[in-house]
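Numbering (the numbering used here), first residue to last: 118 to 1060.
Right, here's the structure in full:
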């Protein structure tokens, strides 16, 4: 593992971290520190928010004065210095550069050197958070001399490997979706695009005269309408009583009018078909538009409802609306492809088939056909009716022999008149469709009925008034029946000839011409633009989905310099076993290989004897559990092994964190019953120090979580100036023997170290909102990527679909997955709205009850672990109330948390951070006045 303890690149908005310790660089590189300062200054920061977190050796602060001063070379800067001290140091010498209010020093005494230096990483990450950085700097300004020794308790909430891998897989699947064919419909689209799909004519063009009367097409259209009007007028004159009994319809030429109508319709149809073929391409040229004008088709200006410049904004809004509805990228691409297919102009030549369907040869042939005129109904019925009427007329005694047959003759005469004045015959006889009115049957029926009526009247001798009435009724009925038969016959012939169908065909042809003029000629360029743009975006979305599907892992360096931090190559790649593949390499120490302080060591460290193995309660059982779980430390999801520089094997194996570097292993209670000054004796392994240091410690923990070992007493326990029990801190010793020196050396280089005792980790299986939040971040990132493409779509949609988006999409996936790795519950990325982002519990699945208890404990010093050794107790200030406290909690644990009562009573001094992994307490204990010396660089002989 890399020896770095600060990230190479800080998170956005966080303090810039730089390491100036001697052991952080090659001893032969005399310019390493200057290069570190130069790289730190190169990191962009806001002018009024320039923060630097410096890790330095405590005995080199004066010698590095010029380096510290250079941090302010680009303007005022705020500096927090982590001064790593040695066990034997009793004084701290610093320069004026590191004095408040612009700077402060946290003195870390004992530990944090050699392999134990990796324990600085979680502390550095917490202090680099801008909210915590500013709070610590303000607290140091209130501490005498601006120098303090920290006592720490940090709770880390994070995801398990399996939950992280599962959430990422589900988020990517939800983002991309399965392969789908082109959708049958484009769905609901904005109004600007709907005009291109339904072939409707914009309202602003409804009154436009597409075919002026002076043009070729307009004159033929007008001829059609005039011929149809003449036919309708003639039909109205002929069908009434006047058409049969007067000369009003004698000059009416209905067959001629219909013939002229058919000819005009045929010519108009030919003109339209010729126009369709003339400008039949998908993008008519200027010359073709001129030819259309020559044929009498006048195209207007582009309507205000739609413009070429408005297509891409409407397409952008439509695409963002679909993506915002969380539709998978491939589903959005399918809809856009359907939109592209429907909006693409097929050209007016393709409408000739529609023209044939509207007015084809069969329809014209039906209009030219000659239909016979038929009136009078069934002939037998007509004869019977006429005979009955003649019988009534013949009832007049004596005179009935004349009146009866006369009525039959009247009926036959009227039938002959209908045949002579039939509407399907031209006045000159040129056009005649023939006809039949049944005059013969009427004549025969009338004669027979009249004679029969005369015989009956002669025999019965009815009164004169009755006979006269019967005669009048018979004559009136014959005339009325003849008029009815004439009207019905004319209507029947008109319906069969159906000249009005020519008017319907004319309207359909005109509507088809207008549709073609709007969508094939006027909107051709706009439709092409829309089709090309929708197709380009569909291709871009499919490419983004393919990139997401092929994504294997972050192609970015580990923030601490590890070559393969995410297990994407080597043993951690496909088919590998993560970090386990390199566990046996000598000297390959890794933070993730840290084990608890009481672990039996493997390999070169197997012979190291730790005299304080049983110093802490329950160490025997704890060491046994670690030995059993050691084999599991390298297991887990291969693709996610080593996902974070300080996600140790303890979390994967379920082991309990132990005492860490910089934390003395505590008094050996097996010897003489040592006690803390002013405190009771540490209880046995089944008890907790001073009662329950963690209220409700047996409460429900998050998934995969175990409560940490009891913390050692806080600073108030050693402010009385008492020395560490038993003298100097116990040190690991090697067993006697010839190999002791080499074994101890190997153990120092490769032995796993302990998880810091002040760091408690809780791992969750992922909350209900984790996947949705990841999808939201990815969707917003995809929208941001597309935002950079719309200008290209507007400028050249044909080539925009081939824009290479693999790099930005991979960067988005890297950024999202790295944030998932480092801080699953963090606030939104910079530049995005906070909105309704879920709380940490719904993201990680770990309840914030531990954080609430930590805050509720208020000034309970037993909860924090001092970062110094027992021999340094006398260096600390005993002044009451001099200790400053900084409590920090992620903002995501406060908003929207289920059961908000857990924050009731929270003090106002809590710092709410945008980072989502760490919560805890920093207690800054000042030093005695004679311990810290402020000197000039010249006094120390520095340049």
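Glycine residues also receive a C-beta, built at the ideal position from the N, C-alpha and C atoms.
Select from 121, 127, 122 the residue whose C-alpha is nearest the C-alpha of residue 935.
Closest option to residue 935, Cα to Cα, is 127.
Go ahead and label residue 191 buried or exposed: buried means 16 or more other beta carbons lie within 10 angstroms of its beta carbon, across all protein chains shown.
Classification of residue 191: exposed, given that the 10 Å Cβ count is below 16.
Terminal residues of the continuous alpha helix (DSSP H) containing residue 481?
Its alpha helix (DSSP H) spans residues 478-485.
Taking the straight line between their C-alpha atoms, what separation do you get for residue 384 and residue 335?
Roughly 11 Å between the two C-alpha positions.
Count the C-beta pairs between the region 886-906 and the region 985-992 that are closer than 8 Å, then say yes if the count reaches three, no if not.
At 8 Å Cβ cutoff, the stretches do not touch.
Have a look at residue 528 and residue 362 and give me their C-alpha separation to the nearest angstrom.
Their backbone Cα atoms lie some 14 Å apart in a straight line.
Would you kindly work out how many angstroms separate the C-alpha atoms of residue 412 and residue 341, rounded to a whole number?
Their Cα atoms are separated by approximately 17 Å.
Can you tell me which residues form a DSSP beta bridge with residue 225?
According to DSSP, residue 225 bridges with 201.
Can you have a look at residue 418 and say buried or exposed, based on whether 16 or more other CB atoms are within 10 angstroms of its CB?
Exposed, because fewer than 16 other Cβ atoms sit within 10 Å of the Cβ of residue 418.
Judging by CA-CA distance, which residue of 654, 992, 882 is the nearest neighbour of residue 916?
Comparing Cα-Cα distances from residue 916 to each of 654, 992, 882, the minimum goes to 654.
Considering Cα atoms alone, identify which of 431, 971, 327 is closest to residue 1038.
Closest by alpha carbon: 971.
Which residue marks the beginning of the alpha helix (DSSP H) containing residue 131, and which one marks its end?
Premise fails: residue 131 is in no alpha helix (DSSP H) and is neither H nor E.
Can you tell me whether DSSP reads residue 274 as helix, strand or coil?
Strand at residue 274.
Suppose the cutoff is 8 Å on Cβ atoms and the five residues either side in sequence are ignored; what does the same chain contact list for residue 447 look like?
Within the same chain, residue 447 has close Cβ partners 293, 294, 295, 296, 297, 658, 659, 662.
Would residue 683 be called buried (16 or more neighbouring beta carbons within 10 Å of its own) or exposed?
Residue confidence is low: residue 683 scores 44 on pLDDT, short of 50, so the model does not pin down where it sits. Its coordinate-derived value is still stated next. With 16 or more other Cβ atoms within 10 Å, it is buried.
Tell me where the alpha helix (DSSP H) around residue 1078 begins and ends.
This structure cannot speak to residue 1078, because the chain is shown only from 118 to 1060.
Short of 8 Å in beta carbon distance, which residues of its chain neighbour residue 638, apart from the five on each side in sequence? Order them along the chain.
Hits under 8 Å: 396, 401, 406, 409, 416, 465.
Rounded to the nearest angstrom, what separates residue 875 and residue 929 at their Cα positions?
Spanning the two alpha carbons is a distance of roughly 34 Å.
Can you say whether residue 208 is buried or exposed, counting buried as having 16 or more other CB atoms within 10 angstroms of its CB?
Residue 208 is exposed by the Cβ-count criterion.
Taking residue 881 as part of the alpha helix (DSSP H), name the residues at either end of that continuous run.
No alpha helix (DSSP H) contains residue 881, which is instead part of the beta strand (DSSP E) from 876-881.
Tell me which residue opens and which closes the alpha helix (DSSP H) that residue 610 is part of.
Residue 610 -> alpha helix (DSSP H) spans 581-614.
Start and end of the beta strand (DSSP E) containing residue 1035?
Element bounds for residue 1035: 1035-1043.
Any idea which residues DSSP pairs residue 268 with across the strands?
Note: residue 268 sits in a beta bridge opposite 983, 1040.
Quick check on this structure: which residue in 353, 333, 269 has the alpha carbon closest to the alpha carbon of residue 977?
Of the candidates 353, 333, 269, the one whose C-alpha sits nearest the C-alpha of residue 977 is 269.
Pull up the distance between the alpha-carbon of residue 255 and that of residue 148, whole angstroms please.
Near 33 Å, if we compare the C-alpha coordinates of residue 148 and residue 255.
In the DSSP output, which residue or residues are listed as bridge partners for residue 1002?
Paired residues: 1040.
Grab the span of the beta strand (DSSP E) containing residue 1030 for me, first residue to last.
Looking at the DSSP string, the run of the beta strand (DSSP E) that includes residue 1030 is 1027-1030.
Identify which residue in 404, 665, 266 has its Cα closest to the Cα of residue 992.
Nearest C-alpha to residue 992: 266.
Confirm, please, whether the CB-CB distance from residue 526 to residue 560 is below 8 Å.
Against a cut-off of 8 Å, the Cβ pair of residue 526 and residue 560 comes out as a contact.
By a C-beta neighbour count over all protein chains shown, 10 Å radius and 16 as the cutoff for buried, is residue 426 buried or exposed?
Its Cβ having fewer than 16 others within 10 Å, residue 426 is exposed.
So, helix, strand or coil for residue 312, using DSSP?
Coil, per DSSP.
Examine the Cβ distances between the region 499-512 and the region 645-652 and report whether three or more of them are shorter than 8 Å.
No contact exists between the region 499-512 and the region 645-652.
Would you tell me roughly how many angstroms separate the C-alpha atoms of residue 982 and residue 1035, rounded to the nearest one?
Cα to Cα, residue 982 sits roughly 16 Å from residue 1035.
Less than 8 Å between the CB atoms is what I'm expecting for residue 132 and residue 245, so what's the real figure, rounded?
Their Cβ separation, rounded to whole angstroms, is 4 Å, which keeps residue 132 and residue 245 in contact under 8 Å.
What span of residues does the alpha helix (DSSP H) with residue 214 cover, start to end?
Element bounds for residue 214: n/a, residue is neither H nor E.
Starting from the N-terminal side, write out each stretch of the alpha helix (DSSP H) that is 4 residues or longer and does not extend beyond the region 622-680.
Qualifying alpha helix (DSSP H) stretches, in chain order: 641-667.
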